[in-house]
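Asks: Just passing along the structure, written as structure tokens.
Protein chains: 2
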Amino acid sequence: MAFPEPLERLIRALERFPGVGARSAERMALHILRSPREEVADLAISLRDARLETVRCSRCRNVSLQELCPICADPERDARLVCVVEGPREVEKMESSGAFHGLYHVLLEGFAPREGASPEADALAALHARVSADGVEEVVLATAPDREGEGAALLVAEHLHGLPVRLTRLARGVPVGSRLEYLHGEILAEAFRGRCSLPAKEKP
Amino acid sequence: MAFPEPLERLIRALERFPGVGARSAERMALHILRSPREEVADLAISLRDARLETVRCSRCRNVSLQELCPICADPERDARLVCVVEGPREVEKMESSGAFHGLYHVLLEGFAPREGASPEADALAALHARVSADGVEEVVLATAPDREGEGAALLVAEHLHGLPVRLTRLARGVPVGSRLEYLHGEILAEAFRGRCSLPAKEKP
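Line by line, the protein sequences are chains A and B. Going letter by letter, the first sequence gives residues 1 to 204 in the working numbering. Going letter by letter, the second sequence gives residues 1001 to 1204 in the working numbering.
Right, here's the structure in full:
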């Protein structure tokens, strides 16, 4: 005996989510059966709304409700500075840090760097066009400091080769607030390589 | 900056699934944004169908499309034998073993023994009524051999106290096909306690 057909169909549909295997999909589906109808209807509507109402910003390619996202549309932001990130989550994170006041460029078409997606050709072409035309002075590569992120950063650098723009990347080192004893050796090695002089002390 | 409202709403809705935290919900939601529209529509429809088209079998309380589930409606099944299980997954598992030809009683209203749900009073009352009226001769307790399952089995036994029915439970011991070196000590201890005599060898 298998589950009734509508339940089986739901399980198959849920299995398409990244990281959701057969057993998780089954648990999720059984959860649906015992959820209030309004809650299930709400989820179904949310799914469609999120898919149908959001678009990619025509400038930075971040997920957006308007053709131009609020960040790109904000005249207060410094358009000479473009921060290249992997996906919308990284934009959110950067914004919450409050440290960056330029614009973004969301690199990965598929939004899924950790699931094997790589920067799509048109995301790179769009960045090239932006940098060529929009008076961009500096591109900060803020992809993840791991193999995929490094690879993506390399691709971007290659694509922008020859354009009169300053290419930078986030500093590497010991993360503020951490304790050295818990850090991976490679983090410390990178921080050693990048060590910098303290400013000379002023005499009292 | 947060995500656009429809995306945030979807994330909140997905977080209601058991075992889905904030980060997983975010990943799932971003997956939805890059899925084909037809796939998202299909998921939304599957959710509603599964919730609206399935009911609980009026006899065994398993998930079903009809008022009486196919197992309960099958005249070939032995109605004198009732196997008490925690949820629909256990029914499916038992059926795939091919070892049981009686009927079931699905104990947990909430389908969620591992998430703190306990057998609901009306599931127990329904079992009591079945056993009293339907000529049931044996009730096999097939709840999980862990604390929650034991607790549920105890509750069932208490509820059926005084009825002229044989109460049994699944055998405990070393699982067939396993290697002893990998088994937990408690499994071996239980198998020792339950050891049984070999049948006397016939002389050649």
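For each residue, glycine too, the CB sits at the ideal point set by N, CA and C.
1. Does the segment 36-53 of chain A touch the segment 1031-1040 of chain B, meaning 3 or more C-beta pairs lie closer than 8 Å?
2. Does chain B have any CB closer than 8 Å to the CB of R80/A?
3. Do the segment 1171-1179 of chain B and the segment 1191-1198 of chain B touch if we need at least three Cβ pairs shorter than 8 Å?
4. H1105/B touches chain A at which residues, Cβ-Cβ below 7 Å?
5. In chain order, what residues of the segment 85-102 of chain A put their CB closer than 8 Å to some CB of chain B?
6. Less than 8 Å between CB atoms is the rule here; does T54/A satisfy it with respect to chain C?
7. Return the residues of the segment 1029-1044 of chain B that lie within a Cβ-Cβ distance of less than 8 Å from chain A, sorted by chain order.
8. In chain order, what residues of the same chain lie with their CB nearer than 7 Å to the CB of V1176/B, ignoring the 5 residues before and after it?
9. Short of 6 Å in beta carbon distance, which residues of its chain neighbour V63/A, apart from the five on each side in sequence? Order them along the chain.
10. For the segment 1006-1019 of chain B against the segment 15-29 of chain A, are there 3 or more C-beta pairs whose distance is under 8 Å?
11. How long is the line joining the alpha carbons of I71/A and H161/A, rounded to whole angstroms?
12. Touching or not, the segment 123-139 of chain A and the segment 89-98 of chain A, by the rule of three or more beta carbon pairs under 8 Å?
13. Taking Cβ-Cβ distances shorter than 7 Å, what residues in chain B pair up with G185/A?
14. Measure from the alpha carbon of P164/A to the alpha carbon of each residue in E138/A, S96/A, Y104/A, then state which is nearest.
15. Quick check: R1077/B and G1102/B, are their CB atoms within less than 8 Å of each other?
16. So which of V1106/B, S1035/B, L1188/B, E1181/B has the shortest CA-CA distance to A973/B?
17. P1004/B versus chain A: which residues are under 7 Å apart at the beta carbon?
18. For D49/A and chain B, any beta-carbon pair shorter than 8 Å?
19. Quick one: list the residues of chain B neighbouring S24/A, beta-carbon separation under 8 Å, in chain order.
20. What are the boundary residues of the alpha helix (DSSP H) that H1159/B is part of?
21. Counting along the chain, where does the beta strand (DSSP E) carrying V139/A start and finish?
22. I'd like to know if S1046/B contacts chain A, where contact means its C-beta is closer than 8 Å to some C-beta of that chain.
23. Looking at chain B, is there any beta carbon in it that lies within less than 8 Å of the beta carbon of P113/A?
24. Since R9/A meets chain B, which of its residues come closer than 8 Å, beta carbon to beta carbon?
25. Skipping 5 residues on each side, what residues in its chain have a beta carbon closer than 6 Å to that of L124/A?
26. Applying a beta-carbon distance threshold of less than 7 Å, which residues of chain B neighbour R77/A?
27. List the residues of chain A that R1059/B touches, going by C-beta distances under 9 Å, in chain order.
28. Counting only the same chain and skipping the five closest in sequence on each side, list residues whose C-beta sits under 6 Å from that of A1073/B.
29. So does V1165/B have its beta carbon nearer than 7 Å to some heavy atom of the ligand MG?
30. Is the Cβ of A13/A closer than 8 Å to any Cβ of chain B?
31. Beta-carbon separation of L1198/B and L1188/B under 8 Å?
32. Bridge partners of F1169/B, per DSSP?
33. Using a Cβ-Cβ distance under 8 Å, would L1188/B count as near chain A?
34. Using DSSP with H/G/I as helix, E/B as strand and the rest coil, what is G1185/B?
35. Any C-beta of chain A within less than 8 Å: which residues of the segment 1134-1164 of chain B qualify?
36. Go through the segment 1055-1122 of chain B residue by residue and report every complete run of the beta strand (DSSP E) that reaches 3 residues or more, in order.
Replies: This is what the structure holds:
1. yes
2. no
3. yes
4. Here the premise fails: no neighbours, minimum Cβ distance about 16 Å.
5. G87, P88, R89, V91, E92, E95, S96
6. Within the model displayed, chain C is absent; protein chains A and B are what it includes.
7. A1029, L1030, H1031, I1032, L1033, R1034, S1035, R1037, E1039, V1040, A1041, D1042, L1043, A1044
8. none
9. T54, P88
10. yes
11. 26 Å
12. no
13. By Cβ distance, chain B contributes nothing, its closest Cβ being about 27 Å from G185/A, past 7 Å.
14. E138/A
15. yes
16. Residue 973/B cannot be examined here, being either before or after the span of chain B that is shown, 1001 to 1204.
17. T54, V63, S64, L65
18. yes
19. G1019
20. 1147-1159
21. 138-141
22. yes
23. Because the pLDDT at P113/A is just 47, under 50, the model does not fix this residue reliably, and the value given afterwards should be weighed accordingly. Answer no: the Cβ-Cβ gap between P113/A and chain B never drops below 8 Å.
24. S1046, D1049, A1050
25. H159
26. None at all; the shortest Cβ gap to chain B is about 11 Å.
27. Those within 9 Å of R1059/B in chain A number zero; the least Cβ separation is about 15 Å.
28. none
29. This structure lacks the ligand MG, and indeed carries no ligand of any kind.
30. yes
31. no
32. Per the sequence shown, residue 1169/B should be read as Arg rather than Phe. For R1169/B, which the question treats as bridged, DSSP gives the partners L1141/B.
33. no
34. helix
35. none
36. 1078-1085, 1102-1106
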